[in-house]
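Read left to right, the sequence shown gives residues -18 to -1, 1 to 251 (mature numbering (1 follows the signal peptide of the UniProt record, and there is no 0)). Every residue gets a Cβ at the ideal spot worked out from N, C-alpha and C, and that includes glycine. Please read all numbers here as calculations on a predicted model, not as lab measurements. Single-structure report; data block below.
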Amino acid sequence: MKLCVVTSGLLFACLAAAATPPNSGLRSSERRQAGRRSELRPRGSGVAPGPDDSGWAGAIHSGKDITEVSGTFIIPQLSRPPNADADTTYVGSAWLGIDGDENCPGAILETGIDFFASPDGSIEVDAWSQWTPGYQYSFQSLKNLEAGVELHFHVKTNGATGGTAQIYVPSTDETWTQTYTDQPALCQTSAEWVVENLLTTDANGIRTIPPLIDFSDLTFTGAKYTHDGGVQSGAAGSRPQAINVGGVVRAAGQAVGEDSVVIKYHASN
């Protein structure tokens, strides 16, 4: 099953309690066994989630009969903050999807990448897709993901319980597609373009919010969604979102122009 934590009207995280099934496409790394999507267990301490904390920075557009969401971004420069704790892994995730806001917290069709900045200074970027609640599929064939690489993301529903998630890498002409069927029903009422501060849990079930990885501005371009029987619109007019932990803004985003979403890291964390 999944334990979903909803804060400030946003789905902050869902923690997997079921064992990972045997499938080469699923995440299995030990450091990803305890949290939603990236299954992280960073070294070092985080902070306990509070009732007013929010985990998404970016933009959310509400609507009806949303069937597709797309966008492109260049992987930003990633690093540990200047004041980083020596024993802590800094994390983050950038993705787009359908549903998961306060109007439909029980399901999301999403695809994106996770970021890791380890104590030794190494940076890892992993691509994935997920129909939440459910298991995350790692796009293992997509290699050499690093700062400066352009990625195109697209999710599309086939009814409320099926669809596809896709990532395309123009520089290598690689495409990864995951097809979903017989999933928990989507409401199809929101489109998101976000950076997320992942929530983690330890072996004792204690949930914490790890520190967010330092990233240069991340800009979704071509941020569009299809709705109301085939109408395509840009992200203009979407609700801005900020990651807020304990009253401290870690990152904030907003729609800019017709179809762009800009997300900025805040060095205060």
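Contact belief for Ile245 with Leu200 at Cβ below 8 Å, rounded distance in angstroms: 5 Å
Considering only residues of the same chain and omitting the five flanking positions on each side of Glu156, which have a CB-CB separation below 8 Å? Ser123, Leu124 and Tyr150
Ala173 - partner residues in DSSP beta bridges: His43 and Ile80
Our contact map puts Asp47 next to His209 with C-beta atoms below 8 Å; I'd like the distance itself, whole angstroms only. 6 Å
Is Gly53 helix, strand or coil by DSSP? strand
With a threshold of 6 Å on Cβ separation, who are the neighbours of Ile105 within its own chain once the five nearest residues in sequence on each side are excluded? Leu60 and Ala99
To the nearest angstrom, how far is the alpha carbon of Cys169 from that of Pro115? 14 Å
Looking at the unbroken beta strand (DSSP E) that takes in Ile90, where does it start and where does it end? Ile90 to Ala99
CB contact flag (Ile42, Ala173, <9 Å): yes
Can you find the residues in the same chain that come closer than 6 Å, C-beta to C-beta, to Trp38, ignoring five residues on each side of it along the sequence? Leu(-9), Val176, Glu178 and Gln223
Nearest residue (CA-CA) to Thr182, options Glu50, Gly74 and Arg62: Gly74
Less than 9 Å separating the beta-carbons of Ala217 and Tyr207? yes
Simplified DSSP state of Ser123, which is helix, strand or coil: coil
Work out the CA separation of Gly82 and Arg189 for me, nearest whole Å. 20 Å
Excluding five sequence neighbours on each side, which residues of the same chain lie with their C-beta closer than 7 Å to the C-beta of Val142? It should be noted that the sequence gives Ala, not Val, for residue 142. For Ala142, where only same-chain residues beyond five positions count, the Cβ hits under 7 Å are Ala167, Leu168 and Gln170.
Would a C-beta distance cut-off of 9 Å place Ser111 and Glu92 closer than the cut-off? yes
Taking the beta carbon of Asp164 as the centre, do at least 16 other beta carbons fall within 10 Å, making it buried, or is it exposed? exposed
Please indicate yes or no: does the CB of Tyr72 lie closer than 8 Å to some heavy atom of the ligand HEM? The ligand HEM is not part of this structure, which contains no ligands at all.
State the start and end residues of the unbroken beta strand (DSSP E) segment that holds Gly216. Val213 to Gly216
Does the Cβ of Ala249 have 16 or more other Cβ atoms within 10 Å, making it buried, or fewer, making it exposed? exposed
With burial defined as no fewer than 16 other Cβ atoms inside 10 Å of the residue's Cβ, what is the status of Ala185: buried or exposed? exposed
When you compare only the Cα positions, how much space is there between Phe121 and Thr159? 8 Å
Looking at Ser220: is its Cβ nearer than 9 Å to the Cβ of Ala233? no
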